[in-house]
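**Q** Sharing a structure with you now.
Dropping the structure here:
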């Protein structure tokens, strides 16, 4: 839906929806339920513990041992130090940000003379460019591309814009999200003006019709994009139903625009490994706006919400502080 970073959001406790004949397999599980079937996802605050019999367990708090990031609570990552691995508030700073130790910097960066940097000899990667730049296909840092100019991926465009392919020319251009009017063509989510209750259906922006919701489907393009997704009727089915995953309307668009405008003007590195940390620049500058955007635009029963992909709760600062204390103590002891 948005830049890979956002999803949020990219990076952390992610949901893996399984595509099968057009519909998405999706089943939410509770604590201690077995999670060994594709499409099953442990509910909020849980992760699928891999063992002889995979089972949903509570996410680990700061200081608890871990094998990978998905086992840690939101805003924490699995930090490896020598032979130990534990959940900690790490990897939240990006290129050019001041640091005390390497653990603060995103993976691939080092804390060099008090600043998060990548090796000068190395080609750039997604998180190794300044906040106003992206790493292009030739592994060189370039400035974000203005709306109306050619692009290759969403990452090339400023926050709040996406890379859209023109069906006539076949070329792609950075385009501001949710600005296409009723009756005009569309070919992806995030194009139609949701403030006017428009959705992308059958290649055109049309007013969303509640009477046609929950229609049978076997491919997501049969559903009104920006509002619904084709979810399989059950974990074994290949047929589905258009199911609401997002909310639209004026309040949603306002919250969405304010959040992305904040990201654009914040000066923060956009691509960091742990953007959900309370210590991350994007969280400090735009965290409250992110929460407002998600509460206005993401259906609480949707796959993203059920898999804990949405806003960090109010206790995140306490989690971050406890994690930092634990990390510093362990670094000293080790």
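In our numbering, the protein residues as written are 3 to 336. The C-beta atom is built at its ideal place from N, Cα and C for all residues, glycine as well.
Nearest by alpha-carbon distance to residue 170: which of 188, 30, 274, 159 is it?
**A** 188
**Q** For the beta strand (DSSP E) containing residue 308, name the first residue and the last one.
**A** Annotation for residue 308: no beta strand (DSSP E) segment contains it, though the alpha helix (DSSP H) segment containing it runs 305 to 308.
**Q** So, helix, strand or coil for residue 204, using DSSP?
**A** coil
**Q** Can you find at least 3 beta carbon pairs, one from the segment 73 to 92 and one from the segment 279 to 287, that sit closer than 8 Å?
**A** yes
**Q** Just to confirm before moving on: does the CB-CB distance between residue 174 and residue 165 stay below 8 Å?
**A** yes
**Q** Just checking my contact of residue 226 with residue 99 at CB under 8 Å: how many whole Å lie between their CB atoms?
**A** No, residue 226 and residue 99 are not in contact; Cβ-Cβ is about 41 Å, not under 8 Å.
**Q** In three-state DSSP terms, what is residue 94?
**A** coil
**Q** Please report the residue range of the beta strand (DSSP E) in which residue 30 lies.
**A** 29 to 31
**Q** Using a Cβ-Cβ cut-off of 8 Å (strictly less than) and excluding sequence neighbours within five positions of residue 120, which residues of its own chain qualify?
**A** 97, 110, 111, 112, 126, 127, 130
**Q** Can you have a look at residue 303 and say buried or exposed, based on whether 16 or more other CB atoms are within 10 angstroms of its CB?
**A** exposed
**Q** So is residue 72 in contact with chain E if we call contact Cβ pairs under 8 Å?
**A** The chain labelled as chain E is not found in the depicted structure, where only one protein chain is given.
**Q** Could you check where the alpha helix (DSSP H) with residue 270 kicks off and where it finishes?
**A** From DSSP, residue 270 is part of no alpha helix (DSSP H); its letter is neither H nor E.
**Q** Tell me which same chain residues have a C-beta within less than 6 Å of the C-beta of residue 295, skipping the five on either side of it?
**A** 257, 258, 261
**Q** Is it buried or exposed, residue 161, if we count other Cβ atoms within 10 angstroms and call 16 or more buried?
**A** buried
**Q** Are the segment 25 to 44 and the segment 233 to 245 touching, with three or more C-beta to C-beta distances below 8 Å?
**A** yes
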